[in-house]
Structures are given as C-alpha cells and as structure tokens.
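Residues 892 to 1246 (this note's numbering) make up the sequence shown, in order. Backbone N, C-alpha and C define an ideal beta-carbon position, used for all residues, glycine too. Here is the structure we will look at.
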Amino acid sequence: MKFVKKLLSWYSDNQRDLPWRRTKDPYLIWLSEIIMQQTRVEQGTPYYQKFADTYPTIQDLAAADEQEVLKLWQGLGYYSRARNLHATAQTVTKEHGGKFPDTYAGILKLKGIGDYTAAAIASICFNLPYPVMDGNVLRFLSRVHGIAESIDLPSSRKKILQIATEMIDHTSPGDFNQAMMEFGALVCTPANPGCKTCIFNKQCIAFKIDRVDEIPQRNVKASVRERFMHYLVVTVTHQGTEFIYLNKRTGRDIWKNMYDFPCMEFSVDDYRQCLQTSEFNGLLNFQQLEFRQIAGPYVHLLTHQKLIVRFYRFHSDKMIKLPYTLIPLTDIHQYPVPKLIDRYLSEKIQLREDR
892 MKFVKKLLSW YSDNQRDLPW RRTKDPYLIW LSEIIMQQTR VEQGTPYYQK FADTYPTIQD
952 LAAADEQEVL KLWQGLGYYS RARNLHATAQ TVTKEHGGKF PDTYAGILKL KGIGDYTAAA
1012 IASICFNLPY PVMDGNVLRF LSRVHGIAES IDLPSSRKKI LQIATEMIDH TSPGDFNQAM
1072 MEFGALVCTP ANPGCKTCIF NKQCIAFKID RVDEIPQRNV KASVRERFMH YLVVTVTHQG
1132 TEFIYLNKRT GRDIWKNMYD FPCMEFSVDD YRQCLQTSEF NGLLNFQQLE FRQIAGPYVH
1192 LLTHQKLIVR FYRFHSDKMI KLPYTLIPLT DIHQYPVPKL IDRYLSEKIQ LREDR
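Put into structure tokens, the structure is as follows:
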C-alpha cells in the first residue's frame, strides 16, 4: 500500500532517537509505554533512563521495595501505574520465569496493561500485527479519513481500529505502529499541524474540507471539582536532631503507600476557621506547639480535581507523641511523596545539612 510505504519511509528518515527504540526487550518496551502514557517525551525520558539504570531487568524491578519504586516514580503522577508496574514485574518473574508472554492475549492479561500497551509490546517485540490506538494515531487517522465524530465514542474508535488493522504492515508491525505515533506527535499535531508540507495532505479529507482544527472532536471534559486541603507540618528537635512527622496514605487512594502530612479538608479556603476547629487541634493531639508559618495557597491540578492547599508549620523543642511516622528531617528524601508535598518541602523546609 502506497500510504504505508510513504509512512515507513518518512519514519526511517525522521524518527527521534529515543532510548527505547534501540531495543526489542519487552520489559524495556513495556517500561517505556507505561511511563509515556499521558506524559511528554521530554518529561518521561529521564524517568525511563532512571528506571532502566536502577532496574536493568524485570527481576530487578520485581525484587525492589514498593517504596523505592514509588520514590523513583515521584513527579510523574498516576501512581497506580507505578504500583501496577511493580506488581506485574513480580507476576512475570514468579509465574512466567521472568519472560513476558509472547502473545497479545497473554500480555493483555497482565495487571495494568490495556489494549494499547499490549499492542505496542506485541508488535514491537514479537512482530505481531496489532495496531496501537493512542491519541496520536486516533487524531492522525480521523483527519486523513475525515471521521468527524468524537474519538471518545466507542463507535469511532472501533472504526479507526478497523482502518488501522487493515493498513498495518505485517512484515514490520512494530515500525508501522511507531511510525503512526511519531507522525501524529511530530506532524499531525493537536495544534498547528504541519499540513502544508504534510506528505499526506493530498489524501487527507480534513485538510481538503478545511476542517483540520475541528477534527477530531472530543467530548466535553468533566467539570473540575475544587477541594480545599489543610496540611499540618510538625517538626521537633531532640538531642540536636530535627525530626518531622509524616502520614502514610493507605486504602484505595491515588497516593496509596506514599507519604504526606496529617490533613483536613474544608468546603472553603478559610485558614482562620481551620486553625480554630477542634478537628485541626485534634491532629496536634491538643498539644501546645510553637506556630511558625502558613504557606500557600498552593494549587495542584489532578485529572478532575483542583486542590487548593495550605501548609501550617508547627515546632516543638522537645519530643512529643503524635500518631504519625516520625523520621529525621534529613532522611525525608528517602520517602516517596506526591509532587505537591515535594514542592512544599523544597521551598519551605530547609534541611539541617544545607544550613
């Protein structure tokens, strides 16, 4: 097919030199795909390199402590992916002898792996003709074929998947999939695509009818809920060493097994009201501590939430008992924390070794 040959030729000449394109190791391909989901290449590449260097084999990742994995992942968000990454490494090591399943169905059964990731691994590593359906591919093909319906609709995705399945190059399915994604990332971009010099502009329906900016359509995003969070930061000095209390998050939580501080949530951003409540003082175990600082508000955006956050710093020059994890302040870099907490620590908490 002329389209496929042109695409593969373009990819050969224009592909970016990315570290995971130098290997067919399914572990490293899987690692790159999980990291790059909803992450820009510029941001994700250093994380990929850190993981590949720290855990060069899937057995190394399986043997790691989950807290170490979460710490290495810190800053990427979507921490359930890191937990699933670790769990799946253990599954592959224990149940598959450290080798990835070599079928699409087998790969798809692994925790945290969906259709897109399974197709990427199957095509790149095992030369199986399963097309990937990421945002770049959906946008590229919907424009070329003039598919005006929202790509969030199952019917639209099914239509595009059928087109890609019929197109995919059976001799080099991995290159085909990577070429499709690369073309969407570099040429057929969401905004300001390179239509005038695009090698497919003569057959692109969206370009012909001057609707490139309208195709593909997306469903209206869900409204973002505002939440007002109030964190209690308590440090104590004991025998010349400064300590800090951390709260380990548990249960069904996006920050599960990570650390933050004791927290309260109010329906409005009223820090005076917060300080006066018995609930807030209960977090302090009703002890009288030196009040040092209010920091914030910090704004932290999640997928469907906007967190407006303040931090309240208290200190004691003697040891106190609170129902949280007490650690030396200089050890805090060893604990996985959400990006929001890391930002506060880097801006407002000066480590003794830095003084």
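Query: Taking the Cβ atom as the reference point for each residue, do Pro1107 and Leu1029 lie within a distance shorter than 9 angstroms?; Result: yes
Query: Among Pro1020, Ile949, Glu933, Asp1151, whose alpha-carbon lies nearest the alpha-carbon of Thr1216?; Result: Asp1151
Query: Does the beta-carbon of Tyr902 have 16 or more other beta-carbons within 10 angstroms, so that it is buried, or is it exposed?; Result: buried
Query: Output yes or no for whether 9 angstroms exceeds the beta carbon distance between Pro1084 and Val1125.; Result: no
Query: Can you tell me whether Arg1246 is buried or exposed, with buried defined as 16 or more other CB within 10 angstroms of its CB?; Result: With a pLDDT of 32 at Arg1246, under the threshold of 50, the predicted position of this residue should be treated as unreliable, and no value is reported.
Query: Which of the three DSSP states, helix, strand or coil, is assigned to Ala1010?; Result: helix
Query: How many angstroms separate the CA atom of Tyr1250 from the CA atom of Leu899?; Result: Because the chain here runs from 892 to 1246, residue 1250 falls outside it and cannot be looked at.
Query: Under 9 angstroms, do Glu1133 and Lys1197 count as touching if we go by C-beta distance?; Result: no
Query: In terms of residue numbering, what span does the alpha helix (DSSP H) encompassing Asn1172 cover?; Result: 1169-1174
Query: Assign Met1149 to one of three DSSP states: helix, strand, or coil.; Result: coil
Query: Could you tell me whether the stretch 947-960 touches the stretch 1001-1011, where touching means 3 or more Cβ pairs closer than 8 angstroms?; Result: no
Query: Ignoring anything shorter than 4 residues or poking outside the stretch 964-1002, list the alpha helix (DSSP H) runs there in chain order.; Result: 970-986, 995-999
Query: Using DSSP with H/G/I as helix, E/B as strand and the rest coil, what is Tyr1122?; Result: strand
Query: What are the start and end residues of the alpha helix (DSSP H) that includes Ile949?; Result: 949-954
Query: Do Asn1092 and Gln958 have their CB atoms nearer than 9 angstroms?; Result: no
Query: Buried or exposed, going by whether 16 or more other CB atoms sit within 10 Å of the CB of Leu1192?; Result: exposed
Query: How is Ala1186 classed by DSSP in three states: helix, strand or coil?; Result: strand
Query: Should Ile923 be labelled buried (16 or more other beta-carbon atoms within 10 Å of its own) or exposed?; Result: Note that residue 923 is Ser in the sequence shown, not Ile. Counting Cβ neighbours within 10 Å, Ser923 comes out buried, since at least 16 surround it.
Query: Give the straight-line distance between the Cα atoms of Leu961 and Arg974, rounded to the nearest whole angstrom.; Result: 7 angstroms
Query: My parser needs the alpha helix (DSSP H) runs of 4 or more residues fully inside the stretch 1046-1110; what are they?; Result: 1064-1077, 1096-1099
Query: Thinking just about the alpha-carbon of each residue, which of Phe1017, Ser1014, Glu986 is nearest to the one in Lys1002?; Result: Glu986
Query: Report the rounded CA-to-CA distance for Arg1243 versus Ser1237, giving the unit in angstroms.; Result: Caution applies to Arg1243, whose pLDDT of 42 falls short of 50 and renders its modelled position unreliable; the model cannot decide the point.
Query: Suppose contacts are defined by Cβ-Cβ distances below 9 angstroms. Is Ala943 in contact with Pro917 by that definition?; Result: no
Query: Quick test of the definition: if touching needs 3 or more C-beta pairs under 8 angstroms, does the stretch 1200-1211 touch the stretch 1183-1192?; Result: yes
Query: Would you report the Cα separation of His1206 and Gln981, rounded to the nearest angstrom?; Result: 42 angstroms
Query: Roughly how many angstroms separate the alpha carbons of Gly997 and His1061, rounded to a whole number?; Result: 20 angstroms
Query: Can you say whether Ser1046 is buried or exposed, counting buried as having 16 or more other CB atoms within 10 angstroms of its CB?; Result: exposed
Query: So, under 8 angstroms CB-CB, Ile920 and Ile1012 are touching, yes? Tell me the CB distance rounded to an integer number of Å.; Result: 5 angstroms
Query: Do you know how far the Cα of Ala1076 is from the Cα of Ile949?; Result: 29 angstroms
Query: By DSSP's criteria, Met1155 is part of a beta bridge. Which residues make up the other side?; Result: His1121
Query: On the criterion of 16 or more Cβ atoms from any shown chain inside 10 Å, does Lys896 qualify as buried, or is it exposed?; Result: exposed
Query: When DSSP labels each residue in this structure, what does Lys897 get in the three-state scheme?; Result: helix
Query: Thinking just about the alpha-carbon of each residue, which of Gly989, Val932, Cys1079 is nearest to the one in Pro947?; Result: Gly989
Query: With a 10 Å radius around its C-beta and 16 neighbouring C-beta atoms as the bar for buried, classify Val1115 as buried or exposed.; Result: exposed
Query: Classify Ile1232: buried if its beta carbon has 16 or more other beta carbons within 10 angstroms, exposed otherwise.; Result: buried
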